[in-house]
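There are 2 protein chains.
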Amino acid sequence: MNQTIDRNQIEQLVRNALRGGGPSATPATGKSASAGGISPPGWIDGQPNLRVSISARHVHLTDEHVETLFGAGSVLEPDKDLYQDGFYAAKQTVMVVGPRRRMLPNVRVLGPTRNFSQVELALTDSISLGIDAPIRHSGKIEGTPGCVLVGPAGTVQLDQGVIRAARHVHMNFSDADHFGVKNGDMMQLKIKSHDCSVVFEDVLVRADEAAKLEVHIDTDEGNACNLDAACEVELRKDDCNCKH
Amino acid sequence: MNQTIDRNQIEQLVRNALRGGGPSATPATGKSASAGGISPPGWIDGQPNLRVSISARHVHLTDEHVETLFGAGSVLEPDKDLYQDGFYAAKQTVMVVGPRRRMLPNVRVLGPTRNFSQVELALTDSISLGIDAPIRHSGKIEGTPGCVLVGPAGTVQLDQGVIRAARHVHMNFSDADHFGVKNGDMMQLKIKSHDCSVVFEDVLVRADEAAKLEVHIDTDEGNACNLDAACEVELRKDDCNCKH
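As given, the protein sequences belong to chains E and Z, one line each in that order.
Using the working numbering, read the first sequence as starting at 1 and increasing by one per residue.
Using the working numbering, read the second sequence as starting at 1001 and increasing by one per residue.
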């Protein structure tokens, strides 16, 4: 993970050096931008750099549940860094078991651990599990269905926490300034893809100091617009006044 | 099937009778509308009646392939009528086998039979099968991947025909007149759904004499917008001049 951060920082420093070390081409704004020309997290050449990522089904766990599932003293072992600094796919997976003994055998655990455990599925997953998971934003799990998690060392009964994660966009405050939006606003994401272009509405802005500009959609959404073959992506403020 | 047609016709006749047998409230146009006030197929109260249907994965077969898969002399047995008159889900299913012996065990056959066999999958299905199925409109199968179909009486090797069906809208000529579109045009379908509204672009118009107004999307698309819980659907001409 540190390697990735370093590589990005070095890349940015080299770019700035090649430009003469001055400020970015587009005046950087927002709290993350320093006066010395270091761009906000994720920016390239003084501009936000939009990334759209598909979140496959995954699980977040508490420290306590990690120990129950993988054995006393166990901790999550990072396997692959995610784009957002500090987050990773762990080596560990769990089995998610639904109410009628239908199950998903190997669901990836994402780290770091959290204060509550949560299972994030696409609708296709939730249908195959037989769980009627509601669309929720991460953390809003009151009243959601539970499930059973099975690990090599034990099982956990979740009373709630199975959701379909609502689409959202991570960004830092400089990105938010760039788009003229603030935390909690809704945006639209247009995916131009041959024979299957889509406009996703209801994209929630989740802005903080350190995030890099990244939209998270689930596998159903990514497959509906064939994201891997998309020729253009555009994130825009939801402020069109036309009838559309 | 005839039962359904009769029921619809009777319903329409009763509606017209209650209105005094005169023409529809909105003047009916197009070739399917008779002067006697019988509405075009699928219309209710003199208006098009939009239906949005999810096409789950399915197979179309030739007469010859039906006999190979289900035994000499076999024909498709209608199990459930589809919304479009004359089309049905058959009692028969086949196993679809991909290149690495991954398979979908029970894929429904739709009738009536066709001049070529074709397998229609969602992208999620094609990933699980390990077949890189391209997005195509029905019938445009040149150069697409093949697969093996397995039935109770035999197997069929398809050299081509595995596609992801591109989204489209069936309509009759009166519907087309109503929307100001013609066969081959593209439309947009807006699905308003809590926290996951979507605008599907690239919806191909397939207009003929007898069709009822019905958009076909696949399971990935239906799940991406939670179609079952949608609060509003709108089909519109793709003619917006705004930046969106």
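Just so it is clear, CB atoms sit at the ideal spot from N, CA and C, and this is done for glycine as well.
Decide if I1044/Z is buried, meaning its Cβ has at least 16 other Cβ atoms within 10 Å, or exposed.
Walking along the second sequence from the start, residue 1044/Z turns up at place 44. That one is exposed.
Figure out for me which residue from L213/E, D239/E, R206/E and V199/E has the closest Cα to the Cα of A230/E.
The residue given as residue 230/E occupies position 230 in the first sequence. Selected option, being the one with the closest Cα: V199/E.
Quick check on V66/E: does DSSP put it in helix, strand or coil?
Counting from one through the first sequence, the residue named residue 66/E turns up at place 66. Looking at V66/E - three-state DSSP - the assignment turns out to be helix.
By the criterion of Cβ-Cβ separation under 8 angstroms, what are the contact partners of I135/E in chain Z?
Counted from its first residue, the first sequence places residue 135/E at position 135. In chain order: H1194, D1195, C1196 and N1226.
Roughly how many whole angstroms lie between the Cα atoms of P155/E and R1101/Z?
Looking up residue 155/E in the first sequence gives position 155. Looking up residue 1101/Z in the second sequence gives position 101. The amino acid occupying residue 155/E in the given sequence is Thr; Pro does not appear at that position. Distance between the alpha carbons of T155/E and R1101/Z is about 33 angstroms.
Evaluate H178/E with the Cβ neighbour count: other Cβ atoms within 10 Å of its Cβ, from every protein chain shown; 16 or more gives buried, anything less gives exposed.
To locate residue 178/E, count along the first sequence from 1; it is residue 178. Buried.
Roughly how many whole angstroms lie between the Cα atoms of S32/E and R206/E?
Counted from its first residue, the first sequence places residue 32/E at position 32. Counted from its first residue, the first sequence places residue 206/E at position 206. Caution is warranted here: a pLDDT of 41 is assigned to S32/E, below 50, making its placement in the model unreliable, and the coordinate value is therefore given only provisionally. Whole-angstrom Cα-Cα distance: 15 angstroms.
According to DSSP, is E221/E part of a helix, a strand, or is it coil?
Taking the first residue of the first sequence as position 1, residue 221/E is located at position 221. Of the three classes helix, strand and coil, the one that applies to E221/E here is helix, per DSSP.
Give the C-beta separation of L76/E and P112/E to the nearest angstrom, bearing in mind that I take them to be a contact with Cβ-Cβ under 8 angstroms.
Along the first sequence, read from residue 1 onward, the residue named residue 76/E stands at position 76. Along the first sequence, read from residue 1 onward, the residue named residue 112/E stands at position 112. Going by Cβ atoms, the distance from L76/E to P112/E rounds to 7 angstroms, so yes, they are a contact pair.
Just to confirm the assignment, what range does the alpha helix (DSSP H) spanning Y54/E have?
On the first sequence, residue 54/E is found 54 positions in, with the first residue counted as 1. In the sequence as displayed, the identity of residue 54/E is Ile instead of Tyr. For I54/E, there is no enclosing alpha helix (DSSP H); the residue is part of the beta strand (DSSP E) that begins and ends at R51 to S55.
Using the Cα positions of E64/E and R108/E, report the straight-line distance between them to the nearest angstrom.
Against the first sequence, residue 64/E aligns to sequence position 64. Against the first sequence, residue 108/E aligns to sequence position 108. Rounded to the nearest whole angstrom, the C-alpha separation of E64/E and R108/E is 17 angstroms.
Considering only their Cβ atoms, is the gap separating Y1083/Z from S1055/Z smaller than 8 angstroms?
Within the second sequence, the letter at position 55 stands for residue 1055/Z. Within the second sequence, the letter at position 83 stands for residue 1083/Z. Their beta carbons are not under 8 angstroms apart, which means S1055/Z does not touch Y1083/Z by this criterion.
Under three-state DSSP, which class holds L1076/Z?
In the second sequence, residue 1076/Z corresponds to position 76, counting from 1. In the displayed model, L1076/Z falls within coil according to three-state DSSP, outside both helix and strand.
Does the region 1165-1183 of chain Z touch the region 169-187 of chain E, meaning 3 or more C-beta pairs lie closer than 8 angstroms?
No: the two stretches stay apart, fewer than three of their Cβ pairs being nearer than 8 angstroms.
Does A210/E get closer than 8 angstroms to chain Z when you measure Cβ to Cβ?
As a first step, residue 210/E is located in the first sequence; it is residue number 210 there, counting from the start. For A210/E, the answer is no, since every Cβ of chain Z falls outside 8 angstroms of its Cβ.
By alpha-carbon positions, which one of A210/E, E201/E and H194/E ends up nearest to D228/E?
Residue 228/E sits at position 228 when you count from the first residue of the first sequence. Nearest C-alpha to D228/E: H194/E.
According to DSSP, simplified to helix, strand and coil, what is L149/E?
As a position in the first sequence, residue 149/E is number 149, starting the count at 1. Of the three classes helix, strand and coil, the one that applies to L149/E here is strand, per DSSP.
Give me, in chain order, the residues of the same chain whose beta-carbon lies closer than 7 angstroms to that of A1028/Z; leave out the 5 immediate sequence neighbours on both sides.
Residue mapping note: residue 1028/Z aligns to position 28 of the second sequence, counting from 1. Note that A1028/Z has pLDDT 36, beneath the 50 cutoff, so the model's placement of it is unreliable and the number below is only indicative. Hits under 7 angstroms: S1039, P1040, G1046 and S1174.
Please report the distance separating the alpha-carbon of R1019/Z from that of N1106/Z.
Here residue 1019/Z corresponds to residue number 19 of the second sequence, with the count starting at 1. Here residue 1106/Z corresponds to residue number 106 of the second sequence, with the count starting at 1. Unreliable positioning characterises R1019/Z in this predicted model, as indicated by a pLDDT of 35, which lies under 50. A coordinate reading is not provided.
Rounded to whole angstroms, what is the Cα-Cα separation between K237/E and A1211/Z?
Here residue 237/E refers to the residue found at position 237 when the first sequence is read from its first residue. Here residue 1211/Z refers to the residue found at position 211 when the second sequence is read from its first residue. In a straight line, the C-alpha of K237/E is about 38 angstroms away from that of A1211/Z.
Using a cut-off of 7 angstroms between C-beta atoms, extract the partners of F200/E located in chain Z.
Here the question's residue 200/E lines up with position 200 in the first sequence. Within chain Z, the residues near F200/E are V1198.
Min CB distance A25/E to chain Z below 8 angstroms
Counting from 1 along the first sequence, the entry for residue 25/E is found at position 25. With a pLDDT of 32 at A25/E, under the threshold of 50, the modelled position of this residue cannot be trusted; read the value that follows with caution. Judged by the 8 angstroms Cβ criterion, A25/E is not in contact with chain Z.
May I have a chain-ordered list of the beta strand (DSSP E) segments no shorter than 3 residues that lie completely inside the region 90-117 of chain E?
If we require 3 residues or more, the beta strand (DSSP E) runs fully inside the region 90-117 of chain E come out as 103-111.
Report all residues from its chain with a CB closer than 8 angstroms to the CB of S117/E; omit the five preceding and five following residues, and keep chain order.
Within the first sequence, the letter at position 117 stands for residue 117/E. Around S117/E: V59, H60, L61, T62, H65, L149, V156, L158 and G161.
Spatial neighbours of A1176/Z within its chain, please: C-beta separation below 8 angstroms, excluding the five flanking residues on both sides.
Stepping through the second sequence from its first residue, residue 1176/Z is reached at position 176. Counting only Cβ-Cβ distances below 8 angstroms, and skipping sequence neighbours, we find G1030, K1182, N1183, V1205 and A1207.
Extent of the continuous beta strand (DSSP E) to which T155/E belongs:
Sequence index remark: in the first sequence, residue 155/E carries index 155 (1-based). Going by DSSP, T155/E is part of the beta strand (DSSP E) stretching over T155 to L158.
Cβ shell of E234/E (< 6 angstroms), same chain only, five flanking positions each side left out
Your numbering for residue 234/E matches position 234 in the first sequence. Once the five neighbours on either side are set aside, the close Cβ partners of E234/E are K190.
Within this structure, are the beta carbons of G151/E and V94/E separated by less than 8 angstroms?
Within the first sequence, the letter at position 151 stands for residue 151/E. Within the first sequence, the letter at position 94 stands for residue 94/E. Contact: yes.
For M186/E, which residues in the same chain have their Cβ closer than 8 angstroms to its Cβ, ignoring the five residues on either side in sequence?
Residue 186/E sits at position 186 when you count from the first residue of the first sequence. E201, D202, V203, L204, V205 and D238, listed in sequence order.
Strictly under 8 angstroms for the Cβ-Cβ distance: is L235/E near chain Z by that measure?
Taking the first sequence and counting its residues from 1, the one referred to as residue 235/E is at position 235. Taking Cβ atoms only, chain Z never reaches closer than 8 angstroms to L235/E, which makes this a no.
Please report the straight-line C-alpha distance between V1215/Z and I1135/Z, rounded to a whole angstrom.
Locating residue 1215/Z in the second sequence gives position 215, counting from the first residue. Locating residue 1135/Z in the second sequence gives position 135, counting from the first residue. One alpha carbon belongs to V1215/Z, the other to I1135/Z, and they sit about 16 angstroms apart.
So R108/E contacts chain Z; which residues on that side make the cut at Cβ distance below 7 angstroms?
As a position in the first sequence, residue 108/E is number 108, starting the count at 1. Within 7 angstroms Cβ-Cβ: nothing; R108/E doesn't reach chain Z, min ~16 angstroms.
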